[in-house]
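One structure is given below, encoded as structure tokens.
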């Protein structure tokens, strides 16, 4: 059986972000069956990686590999932290954990991008925190004396972007589920009043109310769109009014310039 396209670091990070955003979302993750949960994870993943051709099965298989290997690395980190070697920084301990992983597995750890997303999540931090020394003041003092290097600064930036991705994915899932529930509820009502034994007068009244509802929604959307256009136009007008008139312009020429600016504003707003 031919192997699929190799996964990139970006795809691994996106998959982990989608998994965390969905499984840990109180709306999307609670009381969800596995198949439904993975359907939502797939939707979230494709939001983060538009145009991706990865299937649900591909995501599940890749997640299985990521979960297994990240857990193994965390196990190595637990061993290293438990040794509590004097003078070791967090970076030193992580490097030791990578070496221990390679010694145990016979190959280098190849899920760094996934680990960066998952390392601070409860599932992977609980066992490490249990092994940390009770007195962390000395290590904290050493770390605060060391300035943040370029590598650490870049990593902080990456983590911030990943958090933004996770938040956006979570919001997208919640909106999709809310919209889906509304559609299902409306469809169930339509089916109910379309049944052969439904009262004709009640059916007519229902569809009359439904049409009024849809019409109100359309009017509301048009009004919101118009308000947005008006606000944009006002912004351009304020910007033009605040523009300083160059020295040497008389009142009459200034008036001509203002009228010209207003005409431009109207043209822009009408686009």
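Residue numbers (UniProt numbering): 1 to 271. We put the CB at the ideal spot given by N, CA and C, even for glycine. Every value quoted in this text rests on a predicted model; they were computed, and no experiment measured them.
So, at 6 Å on beta carbons, what are the nonlocal neighbours of residue i in its own chain, with the 5 sequence-adjacent residues on each side left out?
| i | result |
| --- | --- |
| residue 124 | 74, 118 |
| residue 69 | 111 |
| residue 52 | 46 |
If I'm right that residue i touches residue j with Cβ under 8 Å, what's the distance once you round it to whole angstroms?
| i | j | result |
| --- | --- | --- |
| residue 21 | residue 44 | 6 Å |
| residue 62 | residue 98 | Their Cβ separation, rounded to whole angstroms, is 21 Å, which puts residue 62 and residue 98 out of contact at 8 Å. |
| residue 95 | residue 102 | No, residue 95 and residue 102 are not in contact; Cβ-Cβ is about 11 Å, not under 8 Å. |
| residue 19 | residue 41 | 6 Å |
Once the 5 residues before and after residue i are set aside, which same chain residues still bring their CB inside 7 Å of it?
| i | result |
| --- | --- |
| residue 216 | none |
If you draw a straight line from the alpha carbon of residue i to that of residue j, how long is it in whole angstroms?
| i | j | result |
| --- | --- | --- |
| residue 90 | residue 224 | 52 Å |
| residue 86 | residue 5 | 44 Å |
| residue 210 | residue 226 | 24 Å |
| residue 114 | residue 9 | 7 Å |
| residue 205 | residue 219 | 21 Å |
| residue 34 | residue 23 | 10 Å |
| residue 214 | residue 182 | 13 Å |
| residue 66 | residue 54 | 16 Å |
| residue 50 | residue 122 | 28 Å |
Between residue i and the rest of its own chain, which residues show a CB-CB distance below 8 Å, the 5 nearest in sequence each way excluded?
| i | result |
| --- | --- |
| residue 38 | 56, 59, 60 |
| residue 64 | none |
| residue 100 | 76, 79, 80 |
Handout entry: Whole runs of the alpha helix (DSSP H) within the region 62-100, excluding any shorter than 4 residues
Key = none
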